[in-house]
Each structure stands twice: as C-alpha cells, then as structure tokens.
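Residue numbers for the sequence shown, in our numbering: 23 to 211. This report refers to the structure that appears directly beneath it.
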Amino acid sequence: MRGALTLTIAGLFGCGCGSATIGDPPNVAPDGSAAAPDGGAIDAPVTPPPDARACVGGDRRVTDPQSGHCLVFFSTAVTWNQARSACGAAGGDLMVATTAAENALLAPLDVDPVATPDVWMGGTDVAVEGTFVWVTAEAMTYTNWRTGEPNNGGTNGGPENCMVLEADNDGTWDDRACGNTYPFFCEIP
Ligand SMILES: [Ca+2]
Ligand SMILES: [Ca+2]
Ligand SMILES: [Ca+2]
C-alpha cells in the first residue's frame, strides 16, 4: 500500500520534469531582434503600389514626398509653349506648385541658378490678363510672387503672360514674355 500511495502523490503534484515555464530563454532571433511567436518573419514583404515608377529624366529631379509626383528640371532653354509640349511628352505638364512646401523643392533643382536664374512654371494669364491660372486647372490659392509681380512687363513693355520661378531669388515668381526662352520644370504624376 505504501508504494501505491507514493505514486498517487507524485501523480497529484507532478515532478515538474520537462516543464519550462520559468527561466525559458526569450524568443529571440539569431540577430538579436525579437522574433514573432511562431518563429516567422515580423515584416511582411513590401509591395510597391501598382502605379509606382521611377522618377527619371531631365537634368535634376526629386520626388515630392507629399504627392509622390516627379518634379524635373530641364536645362534646355525653350519658349513656354515648347516647354509645355516637352513636359507633355514626358507624361506630365509644366510645374504646378500649390503649396509652399512643394515650391521649396524647385529652386534646388536648378543645376546652375547663376547661369539660368529663371525657370518656366505652369502658370499663365494668357486667357484673361491679370488672372493667372495653372495649366492643370488646380486652384491657385498659394502664390509666391516677387514683390511688384506680376506686372505684365511694367515699364519694360509687355505683355508678360507666362510664369517663371526665380531660382536665384528664393523661388519667387515673375511673369515673363511667353516667347522668351528659359529652362523649365515639369511635374509628372
Ligand atoms: Ca503640384
Ligand atoms: Ca499678363
Ligand atoms: Ca514681370
């Protein structure tokens, strides 16, 4: 009877053999990072969105972190209409800066702001003199005109119906004669 009692007690309390709830090593991956409970990878593979594409072309470019649009500087001096055609061929249009943050991305793209201080933008008042609009029809609520601009030529004569960004003057805007030739910015969605 004594032997049977001992077995019963052992069965009630268990011996703890093989149990490891205390003092278990933490679940750590070989590189020291915490591993998922099932031992699988924590980070799922990152799949780029279907419309993601490389920001390429021109002389210098940047991806706008807000819109994801590709902003490109082309150093070739052309008329405003020629610039717009070139941007269209690149899959976009002339640059439309609707926020100060977006506008601030542009001047640094000008490879040589001393040699080429003025760069075409996508603003024009060719339809209604004095009323500048964006080529994309986005609302022109943010503006960054240089003091005294737009002046439609002022005492120098006009008309001036096409917008440039002054890369040598804090990215301010000025209206210039559309037939002048300047480098240009494109915005490619
Ligand atoms: Ca824009
Ligand atoms: Ca004008
Ligand atoms: Ca002007």
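Note that beta-carbon positions come from the ideal geometry of N, C-alpha and C, so glycine has one too. Quick caveat, the model's predicted, so the values are computed rather than measured.
Inset, instruction - Take every Cβ of the segment 180–192, pair it with every Cβ of the segment 79–94, and state whether three or more of those distances are shorter than 8 Å. - result: no
Inset, instruction - Taking only the alpha-carbon atoms, compute the straight-line gap between Gly114 and Val150 and give it to the nearest angstrom. - result: 24 Å
Inset, instruction - Just grab the DSSP bridge partners of Arg198 for me. - result: Cys184
Legend entry - Chain-ordered residues, beta carbon under 7 Å from a heavy atom of ligand 2: Asp147, Glu151, Gly152, Pro172, Asn174, Gly180, Pro181, Glu182, Asn183 and Asp197
Inset, instruction - For Tyr204, write down the residues that DSSP places opposite it in a beta bridge. - result: Val100
Inset, instruction - Determine, using beta-carbon pairs with one atom in the segment 189–198 and one in the segment 125–132, whether at least three such pairs fall under 8 Å. - result: yes
Inset, instruction - Go through its chain and collect everything with a Cβ distance to Gly180's Cβ below 6 Å, but skip five positions before and after it. - result: Asn174
Inset, instruction - For Gly176, verify whether its CB is less than 8 Å away from any heavy atom of ligand 3. - result: yes
Inset, instruction - For the alpha helix (DSSP H) holding Asn125, just list the boundary residues, first then last. - result: Ala122 to Asn125
Legend entry - Beta-carbon proximity check, Val157 vs Tyr204, cutoff 9 Å: no
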